[in-house]
Amino acid sequence: MVSPAGLVAEKAAATAFANVVMGRLNRELGKKYDMWKNIKTEISSLQTDLGILAAAVDDHQSMAAPPRTAVARVYGEEIRELTHDIEDCVERFLHRVTCKPGTSRARRSAHAIRTFRTRLRFAAKIKEFRNRVAEARNRALNAAMLPDGAQASNNETMHQSAGFVQDCCHPVGIAEATMELRRLLNIEPNEDEAEGTSNNTLAAPQLRVVAIVGFGGSGKTTLAKAVYDTVHNEGSLHCVWVDGHSLDNKDANGIVKHIQEKLQLGEGSSTTSPTEYHKDRYLIVIDDIKGKHLMHWNALRNAFRGNGRIIVTTATQSVANRCCNHPREEDRCTFGYVYNMKCLEEEDSRKIALLGKCTPELLLGSAKLLKKCGGLPLALYSVACQLSCENVLTGRFCNKLCNDLGTYLEREDDEPNFARLRGVLWENYTSLSDYTVRTCLLYLGIFPIDHPFKKNVIIRRWLAEGYARHYHGRHQTVAEENFKTFLNRSIILPVVSISNVMGKTSKAYGIMHTFTLHKSMSTKFIMPFGAQHKKVRHFFIHDSSSANSRMVPNIDLSRVRSLTVIGNAGDAISSFNKYKLTRVLDLEGCIDVKDCHLKEICMLWNLRYLSLGPNINVIPKEIAQLKLQETLDVSKTMVNVLPVEAIGLPCLIHLIGKFKLQNPVKTEKVPKEIMLRDRFRICCRQGSGFFATYGPYEKVEQGQDMV
985 MVSPAGLVAE
995 KAAATAFANV
1005 VMGRLNRELG
1015 KKYDMWKNIK
1025 TEISSLQTDL
1035 GILAAAVDDH
1045 QSMAAPPRTA
1055 VARVYGEEIR
1065 ELTHDIEDCV
1075 ERFLHRVTCK
1085 PGTSRARRSA
1095 HAIRTFRTRL
1105 RFAAKIKEFR
1115 NRVAEARNRA
1125 LNAAMLPDGA
1135 QASNNETMHQ
1145 SAGFVQDCCH
1155 PVGIAEATME
1165 LRRLLNIEPN
1175 EDEAEGTSNN
1185 TLAAPQLRVV
1195 AIVGFGGSGK
1205 TTLAKAVYDT
1215 VHNEGSLHCV
1225 WVDGHSLDNK
1235 DANGIVKHIQ
1245 EKLQLGEGSS
1255 TTSPTEYHKD
1265 RYLIVIDDIK
1275 GKHLMHWNAL
1285 RNAFRGNGRI
1295 IVTTATQSVA
1305 NRCCNHPREE
1315 DRCTFGYVYN
1325 MKCLEEEDSR
1335 KIALLGKCTP
1345 ELLLGSAKLL
1355 KKCGGLPLAL
1365 YSVACQLSCE
1375 NVLTGRFCNK
1385 LCNDLGTYLE
1395 REDDEPNFAR
1405 LRGVLWENYT
1415 SLSDYTVRTC
1425 LLYLGIFPID
1435 HPFKKNVIIR
1445 RWLAEGYARH
1455 YHGRHQTVAE
1465 ENFKTFLNRS
1475 IILPVVSISN
1485 VMGKTSKAYG
1495 IMHTFTLHKS
1505 MSTKFIMPFG
1515 AQHKKVRHFF
1525 IHDSSSANSR
1535 MVPNIDLSRV
1545 RSLTVIGNAG
1555 DAISSFNKYK
1565 LTRVLDLEGC
1575 IDVKDCHLKE
1585 ICMLWNLRYL
1595 SLGPNINVIP
1605 KEIAQLKLQE
1615 TLDVSKTMVN
1625 VLPVEAIGLP
1635 CLIHLIGKFK
1645 LQNPVKTEKV
1655 PKEIMLRDRF
1665 RICCRQGSGF
1675 FATYGPYEKV
1685 EQGQDMV
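Count along the sequence shown from 1, add 984, and you get the number used in the working numbering.
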């Protein structure tokens, strides 16, 4: 049977098109092209077929992750190409036949006649797409009827991965963390079992909860086990270890009884009052607690409210917060602390990955490999297993493994060294709620592994690309929720700088970035510029010395949806007019784009997001041609004066930069219903009349930041 993990992209393609692209087209046809009765019927039928196709994918969603079958891979490529073809066709059609706002009925009629052949060609294309979708649907349904005896589950692999470092006799880099957790739990080394007879006896009993949170494989279980073992060996507390998976099929009473039995407290009596053993001290470790267990958390906490110590480990920030935050008045006696796992330092990373060897040649050759591992213990352990298979460990082999690391993370055979790590990464990817979240995650592979990105930039790009769409119009909310999901799961990590606050700037977790980038490249969703593949959606250039950036690609750039450049762009910007359907040009970090390039950029009718770099001095009036522009970022440019045409763009929402207005009197001609709502800074000339024209900004002083 076709594996659901192999169909994730197909579900995204089919459902996104059915809910967003076709819905938009139907609305346009309903308003402006009522005479097209047959075409509307064809489109509705096509939408229904795609819905059935998406439903077939949903039916398999609960099945196993990799390995995928050959059928799933071929089917996935077919659906992706089909969806992209339809999306491109729809956008080209709407561009050619849509009249300007405010056009008279006579002009609309004349325009309809002039575009009659275009409409006919589009009608023929719709029929062709219907046939292709129907064939794909039949193949999917036939594949779904195959016997599922080969179905396998990697749940066991997922579960095993949590405690992988238990295989290591001597965990690395957790000594300080162990001492910190004992301090937070108020369990001092070699503490007397009775807590002494001085100050401790006078203190009121207090439940202490510490939640250890971090990405899968970050060593949460190992750290909790280290604390558990040291306390247990000292014999000062009753200790019990509870596997979170053992709680899945228990209710609140069952969970409490399960722990009580392990503590040998209230044994044989289910009605024993918890207060009877509050005077005893005990340590409870609940490993891998999930959101589904939170409904029983209050009962568990109340049952052990006395002088207990509880450690929980979880991969979700919100679960950790819930276990430690107690909003009710009576819960103030409970101490809660969220401990975020830290990445291992470079020295500790080398100890694990390089098997204790540190020759100069090995250190040099392994630098990039360790950077990709990002200090994640499970990734380093997997690399160590792979390197241990070599007779002689060399820097050259480390460099080769670094280049092939993405392949190991997505391999579908029985390769054992990366199996646990692969299980964690796949679980983080496939357990995301729907196609919009998964697509947004893959999109983050555009940025370099160590490159911080701003939350607002990512959200604006997702919206411009259409990857955070919602058929009820809640696009902004969906984008923000997706970003929050990645932070909540530690898939991306917040970066705190002197000039920034927590949450505004983030970066992708190293090994997860490697996984998503390889997955994106394997489906031609994201590729480095110059890659010899057809129908690539997103190009990036990270390394200014890359040979690919100076290569004239033999590909159709008219279907590229975004170009992101950091450094030298080379031939990627030699002809912007080839990027006919591009929605996003992120050139903020590009040093090659100059004023002479803007004329071609202003002809990109489908452009939604434009950020420019330091060598731009003037924004031309032709910017008015970008009718679909949503974001214009000139904050990194040398632009001092902005033409008023830029502010008058009908779809502009975000205008970022510091500038003066050119001919501000002309602002009176700008439609008052412009959509500007984001922060920007405007240095107005005296008597410009700009703020008088735009009522919402009347109280903003000249040169004041607008947030």
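A virtual CB, placed ideally from N, CA and C, is assigned to each residue, including glycine.
Ranked by how close their Cα comes to the Cα of residue 1446, the residues 1523, 1216, 1567 have 1567 in first place. Taking 4 residues as the shortest admissible run, the stretch 1418–1500 contains the following complete alpha helix (DSSP H) segments, listed from N- to C-terminal end: 1419–1427, 1439–1449, 1459–1472. For residue 1395, the secondary structure class from DSSP, reduced to helix, strand or coil, is coil. Contact check between the stretch 1116–1123 and the stretch 1080–1087: fewer than three CB pairs, one atom from each, fall below 8 Å, which does not count as touching. For the 9 Å CB-CB criterion, residue 1599 and residue 1577 form a contact.
Linking residue 1065 to residue 1240 through their CA atoms gives a straight-line distance of about 53 Å. Assignment of residue 1102 by DSSP, reduced to helix, strand and coil, places it in the helix class.
Looking at 1229, 1223, 1126, the one whose alpha-carbon comes closest to that of residue 1244 is 1223. Sequence-distant partners of residue 1417 (beyond 5 residues in either direction) whose C-beta falls short of 8 Å from its own C-beta, in its chain, are 1469. Per DSSP, the unbroken beta strand (DSSP E) holding residue 1548 starts and ends at 1546–1551. When only Cα atoms are considered, residue 1368 and residue 1357 end up about 11 Å apart. DSSP links residue 1298 through a beta bridge to 1197.
Between the stretch 1494–1504 and the stretch 1403–1416, the count of C-beta pairs closer than 8 Å reaches three or more; the two stretches touch. In the assembly as shown, residue 1089 is an exposed residue. Its beta-carbon has fewer than 16 other beta-carbons within 10 Å. Under DSSP, the beta-bridge partners assigned to residue 1593 are 1568, 1615. Ranked by Cα distance from residue 1501, the first of 1580, 1564, 1246, 1394 is 1394. Distance from the CA of residue 1640 to the CA of residue 1615, rounded to the nearest whole angstrom, comes to 8 Å. Taking a contact as a CB-CB distance under 8 Å, the pair residue 1346 and residue 1338 counts as one, their CB atoms being some 6 Å apart. In the structure shown, the three-state DSSP call for residue 1602 is coil. A residue is called buried once 16 or more other Cβ atoms fall within 10 Å of its Cβ, and residue 1400, having fewer, is exposed.
According to the DSSP assignment, residue 1238 belongs to no beta strand (DSSP E) but to the alpha helix (DSSP H) extending over 1236–1247. Taking 9 Å as the cut-off, the beta carbon of residue 1196 is found no closer than this to the beta carbon of residue 1365. DSSP places residue 1642 in the strand class (E or B) of the three-state scheme. In the pairwise beta carbon analysis, the stretch 1604–1614 is classified as touching the stretch 1579–1592: at least three pairs are separated by under 8 Å.
Residue 1319 sits in a strand when the DSSP states are folded into three classes. Between residue 1541 and residue 1563, the C-beta gap is smaller than 9 Å, which places the two residues in contact. About 6 Å separates the beta carbons of residue 1557 and residue 1581, which is inside the 8 Å limit, making them a contact pair. Rounded to whole angstroms, the Cβ separation of residue 1295 and residue 1208 is 5 Å, and the two are in contact under 8 Å. Residue 1492 has its alpha-carbon roughly 27 Å from the corresponding atom of residue 1164. In this structure, DSSP gives residue 1058 a helical state, which the three-state scheme calls helix. Counting the other Cβ atoms within 10 Å of the Cβ of residue 1194 gives 16 or more, which makes it buried. Under the DSSP definition of a beta bridge, residue 1192 partners with 1293, 1319. The way I'd put it, the stretch 1215–1229 does touch the stretch 1264–1275; three or more beta-carbon pairs between them come closer than 8 Å.
Residue 1511 is bridged by DSSP to 1523. Taking C-beta separations shorter than 6 Å and ignoring five residues to either side along the sequence, the partners of residue 1278 in its chain run 1306, following chain order. In the displayed model, residue 1579 falls within a helix according to three-state DSSP.
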